[in-house]
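These notes are about the structure you will find just below.
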Amino acid sequence: MAHVLVSPLNWGLGHATRDIPVIKTLLDHHHEVTIAACGNARSVLEREFPECRSVDFPDYPVPYSASRFFLPKFVAFFPLILKAISDERKNLDLILAKDPYDLIISDNRLGVYASKIPSVFITHQLHYHLPLIFWPAELFAVAMNGFQHEKYRHIIVPDNPPTQTALAGKLSRPGTDATKKRVYFSGILTSTHKCDGEEDLDYLIMISGPEPQRTRLEKILLQQVHKIEGRCVILLGSPGNSGTWKQSDTYSIIPYASTRDKEGLMNRAKFIICRSGYTSMMEIAELGKRHALFIPTPGQTEQEYLSWYYEKKGWFHSQSQYRLNLPVDIGLAQQPRYTGFPAISKTKENVKRLYDQVLAQYLER
Amino acid sequence: MDDLVVTGVLGLTGLYLAAVILLFAIYFFGRLMYISLAAGDFGLVLRGSIAILIAGSVYLAVGCWLRKTDQI
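Chains as they are written, first to last, in my numbering: chain A, 78 to 442; chain B, 27 to 98.
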């Protein structure tokens with residue numbers, strides 16, 4: 078039995094939830110897992126794995142912006158993030174001094190690695206997408222990524238290899254030799270499962286992501302939702318509230334749902350409306366949903382790129398929240414030219430292969 | 027200090043320095059053009075405008091080429 082430290086980033090729940098199948102597989106192979114995280118990411122994993130020990134491990138400040146110009150604020154936040162990485166390295170030393178570990182799994186936490194312990198890094202962003210005018214910064218980021226990847230034995234990308242079926246497009250394309258040597262494309266990893274059952278919900282609207290843009294999208298959608306016909310559930314993703322606010326005969330509003338309840342709603346939905354965050358994309362791919370409308374968070378270049386990429390591939394329709402016309406955009410998204418994601422291998426198969434081909438070599442010695 | 031942090035600090039310093047140099051260049055050329063315009067030296071204004079246009083076009087063309095060849 079080996080001891081593994083799993084440390085996801087707490088910028089949204091996406092990093093923690095995609096680690097759930099990995100942790101489950103480690104536990105199935107009778108390894109001991111310690112979770113090192115903070116905030117909601119830690120809470121989710123503690124709830125999911127009460128048998129695992131968890132330690133509080135602060136990460137980086139979140140530079141989300143109220144305006145559609147996210148980039149300037151993100152650049153201004155760099156010194157704070159660097160300071161947080163420096164603290165993270167010191168805190169990691171304290172954690173590693175207390176217990177012996179055989180493997181470290183860092184999910185997008187740049188400072189979580191050790192020279193004497195095999196370390197692997199999970200990320201879907203080998204490449205950052207910036208507006209064309211900032212191309213030197215994009216080149217610079219590729220080089221910096223390569224330098225950072227040298228710290229790890231493997232870079233695990235929860236996507237298919239860069240072919241026609243890559244869900245993250247250029248984001249998951251390795252740019253330097255250091256990255257190319259270490260990269261392992263695991264295929265999608267998500268805690269959401271496909272369940273048997275009827276699709277009895279016409280629309281599921283999931284309003285998630287960072288504030289204040291989450292609340293802005295909520296206002297835009299609530300003003301338009303009465304214009305669509307059919308049974309609709311609106312999931313607000315607002316943990317401060319609880320319960321169901323029934324609004325009319327055709328739609329209901331749920332302020333917050335657990336991951337299991339959300340999974341149930343997603344399985345029941347014929348059509349999903351959500352942000353184009355990569356975690357949601359993996360969930361939609363896992364469930365094999367073919368009809369969806371994506372609304373990228375303004376200024377988040379990753380989501381804006383994915384929206385553009387899916388439109389270009391003819392997989393899904395996207396619309397900016399500033400130009401959204403719900404009935405019109407739903408009509409467009411249902412056109413036959415949008416095919417949904419191509420057939421790809423699912424999490425169960427992917428995580429088994431990931432364990433056998435990558436993780437086992439460090440744990441079964 | 028950890029080498030990751032040192033590299034980050036150096037990289038960041040370089041990035042901010044590049045931004046300061048760019049802003050200074052914009053200020054310098056803007057001022058030069060304004061003075062030339064005020065002095066009635068339209069030849070210099072024309073040559074300056076053409077130079078800025080060419081430099082901007084080359085910059086964007088390199089970006090487009092990098093994107094087209096999947097390097098960024």
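All C-beta atoms in this analysis are idealised placements derived from N, C-alpha and C, irrespective of residue type, glycine included.
Local Cβ density within 10 Å of residue i, reported as buried at 16 or more and exposed below that
| i | result |
| --- | --- |
| T240 of chain A | exposed |
| C90 of chain B | exposed |
| L266 of chain A | buried |
| F393 of chain A | buried |
| E276 of chain A | exposed |
| N87 of chain A | buried |
| S384 of chain A | buried |
| Y53 of chain B | exposed |
| P235 of chain A | buried |
| F418 of chain A | buried |
| L48 of chain B | exposed |
| I158 of chain A | buried |
Within-8 Å CB hit, residue i to chain B
| i | result |
| --- | --- |
| R130 of chain A | no |
| L216 of chain A | yes |
| Q225 of chain A | yes |
| P156 of chain A | yes |
| L171 of chain A | no |
| R166 of chain A | yes |
| G307 of chain A | no |
| I232 of chain A | no |
| L159 of chain A | yes |
| W88 of chain A | no |
| G188 of chain A | yes |
| W392 of chain A | no |
| K228 of chain A | yes |
| L248 of chain A | no |
| I311 of chain A | no |
| L244 of chain A | no |
| M283 of chain A | no |
| I162 of chain A | yes |
| W212 of chain A | yes |
Reduced DSSP secondary structure (H/G/I, E/B, other) of residue i
| i | result |
| --- | --- |
| T111 of chain A | strand |
| A369 of chain A | strand |
| S163 of chain A | helix |
| H80 of chain A | strand |
| S357 of chain A | helix |
| R400 of chain A | coil |
| I97 of chain A | helix |
| P56 of chain A | In the structure displayed, chain A extends from 78 to 442; residue 56 of chain A sits before or after that span and is not available. |
| H303 of chain A | helix |
| C272 of chain A | coil |
| H92 of chain A | helix |
| R250 of chain A | coil |
| T424 of chain A | helix |
| K389 of chain A | helix |
From the options, residue whose alpha carbon lies closest to that of residue i
| i | options | result |
| --- | --- | --- |
| G376 of chain A | A:I100, A:A118, A:P149 | A:P149 |
| C309 of chain A | A:E295, A:V132, A:D326 | A:D326 |
| N168 of chain A | A:D338, A:Y387, A:Y137 | A:Y137 |
| K258 of chain A | A:T269, A:D236, A:I232, A:D277 | A:I232 |
| K271 of chain A | A:I311, A:S395, A:E360 | A:E360 |
| I194 of chain A | A:A174, A:T424, A:H204 | A:A174 |
| D184 of chain A | A:S163, A:Y229, A:Y178, A:I311 | A:Y229 |
| L103 of chain A | A:A79, A:P140, A:L312 | A:A79 |
| R352 of chain A | A:A161, A:Q380, A:A410, A:L409 | A:Q380 |
| I210 of chain A | B:V88, B:K94, B:T95 | B:V88 |
| I172 of chain A | A:I331, A:F155, A:I158, A:F134 | A:F134 |
| G223 of chain A | A:G188, A:Y280, A:Y190, A:A255 | A:A255 |
| E306 of chain A | A:I297, A:Y328, A:N117, A:E288 | A:Y328 |
| D96 of chain B | A:F151, A:E215, A:P156, A:V110 | A:E215 |
| A437 of chain A | A:V197, A:P140, A:L157, A:N117 | A:V197 |
| D273 of chain A | A:A114, A:L180, A:M343, A:A153 | A:M343 |
| D28 of chain B | A:L187, A:Y205, A:S357, A:L203 | A:L187 |
Residue i - partner residues in DSSP beta bridges
| i | result |
| --- | --- |
| P232 of chain A | Note that residue 232 of chain A is Ile in the sequence shown, not Pro. Answer is A:F198, A:V260. |
| P85 of chain A | A:D184 |
| Y280 of chain A | A:C309, A:F348 |
| S131 of chain A | A:I112 |
| S120 of chain A | DSSP output for S120 of chain A lists no bridge partner at all. |
| Y328 of chain A | A:C309 |
| S395 of chain A | A:F371 |
Any C-beta of chain A under 8 Å from that of residue i
| i | result |
| --- | --- |
| V31 of chain B | yes |
| R93 of chain B | yes |
| I98 of chain B | yes |
| L1 of chain B | There is no way to answer for residue 1 of chain B, as the model of chain B reaches only from 27 to 98. |
| V35 of chain B | yes |
| G89 of chain B | yes |
| D28 of chain B | yes |
| L41 of chain B | yes |
| L86 of chain B | yes |
Cβ-heavy atom distance, residue i to the ligand GDP, below 7 Å
| i | result |
| --- | --- |
| I210 of chain A | Ligands in the displayed structure: none, and consequently the ligand GDP is not present. |
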